[in-house]
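S.K.: Structure in structure tokens, see below.
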Amino acid sequence: MKTNPPKLPRRFFRWFCHPDLRDSIEGDLVELYGERVGEIGKRKADWKFVKDVLLLFRPGIVKKMEGFQPVNKNGMYRNYLKVSFRVFNKERMYSLINVSGLALGFTCCLLIFLFIKDELSYDDFHQDNDQIYRVASAYLRQGKWEPYSSNSWKTAELIKANFGEIEQMVRIRDDKEVVEYGDKKIIESRIAYVEDNFFDVFNFPLIEGSPTEALKGTNKVVISESTATKYFGTEAAMGKVFEVGDGALQVQVSGVMEDMPPNSHFHFDFLISGETQSLVSPPELFTHAGWDSQYVYIKTEPGVDPKTIETRFPGFINDNLGIFNSDNFKLFLQPLTSIHLESNNGLEIEPNGSMKNVYIFSVIAIFILFIACINYMNLTTARSLRRAKEVGMRKVLGAKRSDLINQFLTESGMMTFLALLIAFGISVLVLDKFNQFAGKAISHELLFRPEIILSLLLAFVVIGLLSGSYPSLILSSFKPLNSMKGGSNKGKSGFLFRKGLVIVQFVISIGLIAATVIVFQQWNFLKTKELGINEENVITIPLQTMERSKLDVFKNELFENSSIKQVGTSNMKMPGWISNSTPYLAQDEVVDQEVGKTMKIIRVDMDFLATTEAEIIGGRDFNKDFPADQTSSVVLNESAIVQLEWEEPIGKWIELNGQKYTVIGLVKDFHFESLHREIPPTIFIPSTDWLNFAYIRIGNENMQTSLKHIEKVYSGYVPNRDFSYTFMNEDMEQQYLAEEKFAQIFSIFTVLAIVIACLGTFGLISFAAERKSKEI
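So the sequence shown is numbered by numbering that gives the first Met the number 0: it starts at 0 and just counts up by one.
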């Protein structure tokens, strides 16, 4: 059976091959093809035939173009440019609308691109960043895994000893303390205790000092460049001594590093040598596997798959961590460069971003650019009637369709290039405001980097072709006779296409408006949701070095001002993450049912619940008149009762860490943590030793006088610390700054998208009205 070569490549060969050579070469190709079919089969022979045809496409074989005459390309393109300028000048309004729409679209896209590039660049400046991971942990609580970013010193020590794949390990403990030098006494919140190999893992350049020696030994500190300037001005920082924590610790400057870049997921100004921790920390911090005080980072050997380490974690936990087992505790690795966008654990060093926001802003940028391109296509095709005679005349004079396409693409390219230049200029001018608004620190230098310039050039080519392709194809397809008569040749099809594009614009715009409404509703919900307490007119102050035995006297002095209504204390700042939790035993509960179950613990004084005006819905609040309340009584929230499945909770006992407590009250669920988290089962335990924050409810009258009175009393009990306070309602709002910022940025870009769509619609309406001027 005769087998023929594939038709398409054979036709292509006949088309390009010189007639004098065609028959002999084709005969050889067919003969060779037949031999290959018998040897390797038809499928492979077909591919070989295609390859041979393509290889024959070369100057010595390709036929010469008949009737081809050299054309003065330079003169032709000069004519294109000249005509383009004339068209822009003649139709200024439509040209302005086109350029404005494209420029706004490009500006939005460029700013969003810079925002996304900055978000994706976090921690990528570290050498070997693909080998660096954070060891995070998770606890099984109420049937759900609750992840944390921190770990214990002991757990890290055991990991280091049991995993040979780990090349380096660094432990970081953040802190907040008073720092003194000379007459300067400042509360610093960006302090960390780090091990001496910190600079072996993280590449933060040192201006002064040795990266390998600066953190070795005790009482050493490396400070940031801005901190050196703040404390010492133009003086040399090396060798200077700071007093940390009211003189409890003295550290000597052993190095000065460049300020940590904005795109790092943590920022510290004081790096105190890790060995110094033993001077200021209790011994249990280093021996108790349940004391999560450290952020643990590892650098693996090259080529090590982190999954192989994670698969060994359960066995490691069961063999080494006696207080945990792999059923209720787990360890996992987080790649360094993914922490900022993909980690939302408890006790993060700093608030992180969100990959979801990156996706959302990417989609918005595409929509905005798409709307701007639709505007250009619509206005250009709508104005095609005005240029019908021009097209017809050019065709009569010999212009080919390709020439006309090139002309209109040149016009589109000029328009796009002009819009890009304007957008680049606007971006340079508004970048500082954008940084301030978005909470970023994007430098102007980034705009001039080669990758940004190349991206803009690529956008120029793609958008120029995309926005100009349809109009150029439409205009170049006009028939000369109809064009000379003033007809458009397209009838309803072009009109329906433009109508469809306008509908697409408004669908996108309406979608963005709906999304904006939803975003603001969510944000408004976060701001106005009833929390279950009354947070108005309540200030929070840190008790710091105040002797806890003097708290009652401190309260009594505060009450000398009649505007002070209530004062309560707790061990944690509200709002905040309730990090303390514990397993329990409870009356009438089967032990097996309680395996893996825990409850959150908040230590409070007798007046905390009354100060926050939390609602007691059963039993009673703590009372100083009942001595047992201070030692063996607890109040539970509703979620705790639901977990315990008690119908009558008052009077029943619950055992925590070997001690039994009697339930005296039931408080209505309220949000101690942010609304991002469900209200956990919580136990309120009275305490006198672990109280770190005071909450003071003030009357509406004489707020400033009351604050001065509080400051005066406070300074008598904490003479070596500056008085600082925050309003609880403002602290609540601070939790949702990320949502507020997202809503504002989202709404601005949505408004710009709608403005661009309206510009195009205005242009089409104006053109339609102009066409009907004689009718009017």
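Here a beta-carbon is modelled for each residue, glycine too, at the ideal position from N, C-alpha and C.
Here the structure is a predicted model, which is why all the values come from computation and not from measurement.
Beta-carbon within less than 7 Å of His287's beta-carbon, same chain only, minus the 5 sequence neighbours each way: which residues are those?
M.R.: Locating residue 287 in the sequence shown gives position 288, where the first residue counts as 1. Result list for His287: Ser151 and Lys153, in chain order.
S.K.: Scan the stretch 706-753 and note each continuous beta strand (DSSP E) run of 3 residues or more that stays entirely inside, going in chain order.
M.R.: Entirely contained in the stretch 706-753, not one beta strand (DSSP E) run reaches 3 residues.
S.K.: Alpha helix (DSSP H) containing Ile640: first to last residue?
M.R.: Position 641 of the sequence shown, counting from 1, holds the residue named residue 640. Segment Glu637 to Leu643, the alpha helix (DSSP H) holding Ile640.
S.K.: Express the C-alpha separation of Asn622 and Pro281 in angstroms, rounding to a whole number.
M.R.: The residue given as residue 281 occupies position 282 in the sequence shown. The residue given as residue 622 occupies position 623 in the sequence shown. Rounded to whole angstroms, Pro281 to Asn622 spans 33 Å at the Cα level.
S.K.: Measure the alpha-carbon distance for Ile190 versus Lys564 and round it to whole angstroms.
M.R.: Looking up residue 190 in the sequence shown gives position 191. Looking up residue 564 in the sequence shown gives position 565. Cα to Cα, Ile190 sits roughly 36 Å from Lys564.
S.K.: State the Cα-Cα distance for the pair Glu35 and Ser401, rounded to the nearest angstrom.
M.R.: Within the sequence shown, residue 35 is the residue found at index 36, counting from 1. Within the sequence shown, residue 401 is the residue found at index 402, counting from 1. Checking the sequence, you will find Arg at residue 35 rather than Glu. Roughly 41 Å separates the two Cα atoms.
S.K.: DSSP puts Glu145 in a beta bridge; with which residues?
M.R.: Working through the sequence shown from its first residue, we reach residue 145 at position 146. According to DSSP, Glu145 bridges with Tyr138.
S.K.: Rounding to the nearest angstrom, what Cα-Cα distance links Gly490 and Asn356 in this structure?
M.R.: Counting from one through the sequence shown, the residue named residue 490 turns up at place 491. Counting from one through the sequence shown, the residue named residue 356 turns up at place 357. Annotation note: pLDDT 48 at Gly490 (below 50); position unreliable, coordinate value reported separately. Cα to Cα, the separation comes out at about 44 Å.
S.K.: Pull the bridge partners of Tyr694 from the DSSP assignment, please.
M.R.: Locating residue 694 in the sequence shown gives position 695, counting from the first residue. DSSP output for Tyr694 lists Thr539 and Gly567 as bridge partner(s).
S.K.: Excluding the 5 residues flanking Thr217 on each side, which residues of the same chain have their C-beta closer than 7 Å to its C-beta?
M.R.: Start at 1 with the first residue of the sequence shown, and residue 217 comes out as number 218. Ser272, Glu274, Thr275 and Leu278.
S.K.: CB-CB under 7 Å to Asn344, same chain, minus the five flanking residues each way: which ones, in chain order?
M.R.: Indexing the sequence shown from 1 puts residue 344 at position 345. Here the set comprises Ala135, Pro146, Tyr147 and Ser148.
S.K.: Using the DSSP secondary-structure output, state which residues sit across from Lys183 in a beta bridge.
M.R.: Within the sequence shown, residue 183 is the residue found at index 184, counting from 1. DSSP output for Lys183 lists Tyr180 as bridge partner(s).
S.K.: So, with DSSP's three-state summary, where would you put Gly26?
M.R.: In the sequence shown, counting from the first residue as 1, residue 26 sits at position 27. Correct three-state label for Gly26: helix.
S.K.: Could you give the distance in angstroms between the alpha-carbon of Lys184 and the alpha-carbon of Pro541?
M.R.: As a position in the sequence shown, residue 184 is number 185, starting the count at 1. As a position in the sequence shown, residue 541 is number 542, starting the count at 1. Going from the Cα of Lys184 to the Cα of Pro541 covers about 17 Å.
S.K.: Contact between the stretch 362-380 and the stretch 748-765 is defined here as three or more beta-carbon pairs at a separation below 8 Å; is this criterion met?
M.R.: yes
S.K.: Between the stretch 679-696 and the stretch 606-622, do at least 3 Cβ pairs fall closer than 8 Å?
M.R.: yes
S.K.: Cβ of Phe459 within 8 Å of Cβ of Phe416?
M.R.: Translated into the one-based positions of the sequence shown, residue 459 becomes position 460. Translated into the one-based positions of the sequence shown, residue 416 becomes position 417. In contact: Phe459 and Phe416 (Cβ atoms closer than 8 Å).
S.K.: Output the distance between the C-alpha atoms of Thr228 and Val461, rounded to the nearest integer angstrom.
M.R.: Translated into the one-based positions of the sequence shown, residue 228 becomes position 229. Translated into the one-based positions of the sequence shown, residue 461 becomes position 462. Whole-angstrom Cα-Cα distance: 48 Å.
S.K.: Using 10 angstroms around the beta-carbon of Phe447, count the other beta-carbons present and answer buried if the total reaches 16, otherwise exposed.
M.R.: Working through the sequence shown from its first residue, we reach residue 447 at position 448. Counting Cβ neighbours within 10 Å, Phe447 comes out exposed, since fewer than 16 surround it.
S.K.: If you follow the beta strand (DSSP E) that Trp652 is in, where does it begin and where does it stop?
M.R.: Here residue 652 refers to the residue found at position 653 of the sequence shown. Looking at the DSSP string, the run of the beta strand (DSSP E) that includes Trp652 is Trp652 to Leu655.
S.K.: Strictly by DSSP, which residues pair up with Cys757?
M.R.: Within the sequence shown, the letter at position 758 stands for residue 757. Answer is none; Cys757 lacks a bridge partner.
S.K.: What are the partner residues of Gly254, as DSSP defines its beta bridges?
M.R.: Here residue 254 refers to the residue found at position 255 when the sequence shown is read from its first residue. In DSSP, Gly254 forms a bridge with Val221.
S.K.: Are Arg170 and Val295 closer than 8 Å when you measure CB to CB?
M.R.: Numbered from its first residue, the sequence shown carries residue 170 at position 171. Numbered from its first residue, the sequence shown carries residue 295 at position 296. Yes, they are a contact pair.
S.K.: Between which residues of its own chain and Arg172 is the CB-CB distance below 6 Å, once the five residues before and five after are set aside?
M.R.: Here residue 172 refers to the residue found at position 173 when the sequence shown is read from its first residue. Contacts found: Tyr192, Ser292 and Gln293.
S.K.: Between the stretch 173-183 and the stretch 239-251, do at least 3 Cβ pairs fall closer than 8 Å?
M.R.: Cβ pair count under 8 Å is three or more, so yes.
S.K.: Within a Cβ cutoff of 7 Å, which residues of the same chain sit near Thr581, ignoring the five residues on either side of it in sequence?
M.R.: Counting from 1 along the sequence shown, the entry for residue 581 is found at position 582. Answer for Thr581: Thr597, Met598, Ile600, Leu655 and Asn656, listed in chain order.
S.K.: To the nearest angstrom, how far is the alpha carbon of Ala235 from that of Ser442?
M.R.: Here residue 235 refers to the residue found at position 236 when the sequence shown is read from its first residue. Here residue 442 refers to the residue found at position 443 when the sequence shown is read from its first residue. Going by the C-alpha atoms only, they are around 29 Å apart.
S.K.: Is it buried or exposed, Lys298, if we count other Cβ atoms within 10 angstroms and call 16 or more buried?
M.R.: Looking up residue 298 in the sequence shown gives position 299. Per the 10 Å Cβ criterion, buried.
S.K.: Just the C-alpha distance for Ser561 and Phe722, rounded to the nearest angstrom, thanks.
M.R.: Indexing the sequence shown from 1 puts residue 561 at position 562. Indexing the sequence shown from 1 puts residue 722 at position 723. Going from the Cα of Ser561 to the Cα of Phe722 covers about 21 Å.
S.K.: Tell whether a beta-carbon distance below 8 Å holds between Val98 and Ala418.
M.R.: As a working note, residue 98 is residue 99 in the sequence shown. As a working note, residue 418 is residue 419 in the sequence shown. In terms of Cβ geometry, Val98 and Ala418 form a close pair [threshold 8 Å].
S.K.: Tell me which same chain residues have a C-beta within less than 6 Å of the C-beta of Val634, skipping the five on either side of it?
M.R.: Sequence index remark: in the sequence shown, residue 634 carries index 635 (1-based). Answer for Val634: Gly664, Val666 and Phe683, listed in chain order.
S.K.: Does Tyr598 come out as helix, strand or coil in the three-state DSSP assignment?
M.R.: On the sequence shown, position 599 is the one that residue 598 refers to. The amino acid occupying residue 598 in the given sequence is Met; Tyr does not appear at that position. Looking at Met598 - three-state DSSP - the assignment turns out to be strand.
S.K.: Quick check: Ile777 and Ile695, are their CB atoms within less than 8 Å of each other?
M.R.: Missing from the structure shown is residue 777; the chain here goes from 0 to 775 and no further.
S.K.: Looking at the unbroken beta strand (DSSP E) that takes in Val662, where does it start and where does it end?
M.R.: Counted from its first residue, the sequence shown places residue 662 at position 663. First-last of the beta strand (DSSP E) with Val662: Gln658 to Val666.
S.K.: Taking the continuous beta strand (DSSP E) assigned at Val61, which residues delimit it?
M.R.: The sequence position of residue 61 within the sequence shown is 62, counting from 1. From DSSP, Val61 is part of no beta strand (DSSP E); its letter is neither H nor E.
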